[in-house]
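For the protein sequence lines, the chains are A and B, in the order given. To convert, note that position 214 of the first sequence is 214 in full-length UniProt numbering; the numbers rise steadily by one, no gaps. To convert, note that position 185 of the second sequence is 185 in full-length UniProt numbering; the numbers rise steadily by one, no gaps. Ideal placement from N, C-alpha and C gives every residue a C-beta, glycine not left out. A quick write-up on the structure given underneath.
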Amino acid sequence: MERRVCQCSISTADGSALVRLGDTTIVCGVKAEIAEPELDRPNEGFLVPNIDLPALCSPKFKPGPPTEEAQVLSDRLNDVLLASGIISRISLCIEPGKSVWVLYIDAICLNYDGNAFDAALLAMVAALRNTRLPKAAYNEETGRTTCSRRSLLPLQVNKLPISSSFGVFDSTHVLADPTTFEEPLLDTTFSVIMNEDGKLVSVLQLGLGLVGQPGTLDRCIAAAKAHSSDIRNLVYDTSNTS
Amino acid sequence: MHDRALINVEVNIVPFSTGERRKRSRGDKRILELGSTIKSTFEPVVQTSLYPRSEIDIFVHVLQQDGGLLQASINASTLALISAGIPLHDFVCAVTGGVHSTAPMLDLTTLEENDIPHVTVAVMPKTKKVTLVTMETRLHVDRFGDIFKLACEAGQVIHKEMKRAVSERTQKLVTAMEMGPRVVPSADVGDRDAMIDDLNDY
Chain A
1 MERRVCQCSI STADGSALVR LGDTTIVCGV KAEIAEPELD RPNEGFLVPN
51 IDLPALCSPK FKPGPPTEEA QVLSDRLNDV LLASGIISRI SLCIEPGKSV
101 WVLYIDAICL NYDGNAFDAA LLAMVAALRN TRLPKAAYNE ETGRTTCSRR
151 SLLPLQVNKL PISSSFGVFD STHVLADPTT FEEPLLDTTF SVIMNEDGKL
201 VSVLQLGLGL VGQPGTLDRC IAAAKAHSSD IRNLVYDTSN TS
Chain B
1 MHDRALINVE VNIVPFSTGE RRKRSRGDKR ILELGSTIKS TFEPVVQTSL
51 YPRSEIDIFV HVLQQDGGLL QASINASTLA LISAGIPLHD FVCAVTGGVH
101 STAPMLDLTT LEENDIPHVT VAVMPKTKKV TLVTMETRLH VDRFGDIFKL
151 ACEAGQVIHK EMKRAVSERT QKLVTAMEMG PRVVPSADVG DRDAMIDDLN
201 DY
């Protein structure tokens, strides 16, 4: 299965990435804006991930408002990005209580061949790695934040969470990275998200549950560990060559 | 209408496509107008009578823009329709033309579009017929004739490039098709030659 992470050069975005996992293609762009922080969290910025599954990417999506699948995906991605601590929200603070960065992470699926969650998470993570923010300074007197046009600092990205999804067919066979042909036939799907130091960020299971072999989950977690370190190296390679 | 296909155009502009992040709602008037402009550009060009009682959907996704949005969408839609194999009467090549004091300019960027009067022209290169002309800025009527002619000529240049891209892709497809019979090991030598002869007939 071909996996490719390309450093997009969308110059209008602060950071961007293009990911292909098999045939599933996702483009992600990061834009940063300035906002006032919440009153009870004065030195934390915001991360706003969003994914769009338009009608273009697959005949199973009709044109119109975002489908349930897109909304559920967005929500899951939001949970994972916050739980994994990929970017510490405190690092997005410019001036406590007055101004913080808001990172809008928008992903759009160009071709859907199953397993959009893995691809979307990878695209968002790669785009965050690629993001460069201007240096911001808060002016006490005018109450405004000014950004330098020239100096751009890369975002401080911590450990990258990588997701591996599996599906269980007929309660016996475990398939990794299900395609759009396989997805409707699976009783159960689960996603294992791992961090760099082999720590589990999240395990999510949807469906009947693993009936039968008890050791399946452990084997899948081991497979996910190996897979995620491969993918992580891909991401590091692309950002090193850019 | 039962005797022809409907053409439906949907434009989606992603929030990170412009300098300022702006989440455009689906019902945004500018986007709807863009979609309906593209639709009326292609309605006389696509041979819709060959597909009665069906709908042809054109989805335009803008990932990055710096001026010339309408023309790029029209050019992209032409190539997409060709790559889908939908029969067209001709290519549709679009280009923006503008006038800065007296100097004519082509294919303007966003900064230029905001500043100088410009017109978007879409031509069908073989017949030299014009399928779309839109202008939303004020331009002196004396200048209009020149810039219109220039834009039509520019359409011919774009047509050459588009044709080259289409031929390259078709060439790759034909090569792939020719490779097909050779891959099957059990095929007779006679069968293979017969299949390749058939391809040459096309």
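| Item | Value |
| --- | --- |
| Counting pairs of beta carbons, one from the region 1 to 9 of chain B and one from the region 41 to 58 of chain B, are three or more of them closer than 8 Å? | yes |
| Quick check on T109 (chain B) - is its C-beta less than 7 Å from some C-beta in chain A? | no |
| Let me see if you follow: with CB-CB separation under 7 Å, is S17 (chain B) close to chain A or not? | yes |
| Could you list which residues in chain B have their beta carbon closer than 7 Å to that of D106 (chain A), in chain order? | V14, P15 and F16 |
| Thinking C-beta only, is G67 (chain B) closer than 7 Å to E113 (chain B)? | yes |
| Under 7 Å, do L63 (chain B) and S25 (chain B) count as touching if we go by C-beta distance? | no |
| When the distance is taken between beta carbons, is I94 (chain A) closer than 7 Å to N158 (chain A)? | no |
| Does the contact criterion of 3 or more C-beta pairs under 8 Å hold for the region 59 to 73 of chain A versus the region 156 to 173 of chain A? | no |
| Closest to I193 (chain A) by CA distance: which of A:L122, A:D23, A:S88 and A:A17 is it? | A:L122 |
| Starting from the beta carbon of Q156 (chain B), find every residue of chain A whose beta carbon is closer than 7 Å, and list them in chain order. | Correct list: empty, because the minimum Cβ distance to chain A is about 30 Å. |
| Leaving aside the five residues before and after L92 (chain A) along the sequence, list all residues of the same chain whose C-beta is less than 6 Å from its C-beta, in chain order. | G45, V100 and W101 |
| Quick one: is D142 (chain B) buried, meaning 16 or more other Cβ sit within 10 Å of its Cβ, or exposed? | exposed |
| So L63 (chain B) contacts chain A; which residues on that side make the cut at Cβ distance below 7 Å? | I10 and V27 |
| Alpha carbon to alpha carbon, how far is P15 (chain B) from R22 (chain B)? | 5 Å |
| Output the boundary residues of the beta strand (DSSP E) element that contains E68 (chain A). | Premise fails: E68 (chain A) lies in the alpha helix (DSSP H), E68 to S84, not in any beta strand (DSSP E). |
| On the CB-based measure, 16 or more other CB atoms within 10 Å of its CB, does K126 (chain B) come out buried or exposed? | exposed |
| Between the C-alpha atoms of L132 (chain B) and T78 (chain B), what's the straight-line distance to the nearest angstrom? | 14 Å |
| Could you check whether P161 (chain A) and S84 (chain A) sit closer than 7 Å to each other, using their CB atoms as the reference points? | yes |
| Compute the beta-carbon to beta-carbon distance between G22 (chain A) and D118 (chain A), rounded to the nearest angstrom, for a pair I have assumed lies under 8 Å. | In fact, because the Cβ distance is near 10 Å, the residues do not count as touching under 8 Å. |
| Please report the residue range of the beta strand (DSSP E) in which S101 (chain B) lies. | That residue, S101 (chain B), is in no beta strand (DSSP E); it is neither H nor E in DSSP. |
| Could you give the uninterrupted runs of the beta strand (DSSP E) lying entirely in the region 168 to 210 of chain A, keeping only those of 3 residues or more? | 173 to 176, 188 to 194 and 200 to 207 |
| Please report the straight-line C-alpha distance between V92 (chain B) and I74 (chain B), rounded to a whole angstrom. | 7 Å |
| Given this structure, state the Cα-to-Cα distance separating K199 (chain A) from S228 (chain A), to the nearest angstrom. | 11 Å |
| Take the Cβ of L173 (chain B) as the centre, count every other Cβ of all protein chains shown within 10 Å, and call the residue buried at 16 or more, exposed below. | exposed |
| Where does the unbroken beta strand (DSSP E) through F46 (chain A) begin, and where does it stop? | F46 to D52 |
| So L70 (chain B) packs on T110 (chain B), CB below 8 Å; how close in whole Å? | The Cβ separation is near 13 Å, so there is no contact. |
| Please report how far the alpha carbon of A127 (chain A) lies from the alpha carbon of A17 (chain A), in whole angstroms. | 5 Å |
| Mind checking whether D14 (chain A) and V30 (chain A) have CB atoms under 7 Å apart? | yes |
| Quick check on the DSSP output: the beta strand (DSSP E) that includes K129 (chain B) runs from which residue to which? | K129 to M135 |
| Mind checking S186 (chain B): buried by the 16 CB within 10 Å criterion, or exposed? | With a pLDDT of 47 at S186 (chain B), under the threshold of 50, the modelled position of this residue cannot be trusted; read the value that follows with caution. It counts as exposed. |
| Along the chain, where does the beta strand (DSSP E) containing G29 (chain A) start, and where does it finish? | T24 to A35 |
| If you draw a straight line from the alpha carbon of I90 (chain A) to that of R144 (chain A), how long is it in whole angstroms? | 20 Å |
| Looking only at C-alpha atoms, which of A:S202, A:R232, A:L208 and A:L217 sits nearest to D79 (chain A)? | A:S202 |
| Taking I51 (chain A) as the reference, which of A:Y112, A:S171 and A:S11 has the closest Cα? | A:Y112 |
| Can a CB atom of chain B be found closer than 7 Å to the CB of A13 (chain A)? | yes |
| Between K31 (chain A) and chain E, is any beta-carbon pair separated by less than 7 Å? | Included in the structure are the protein chains A and B, with no chain E among them. |
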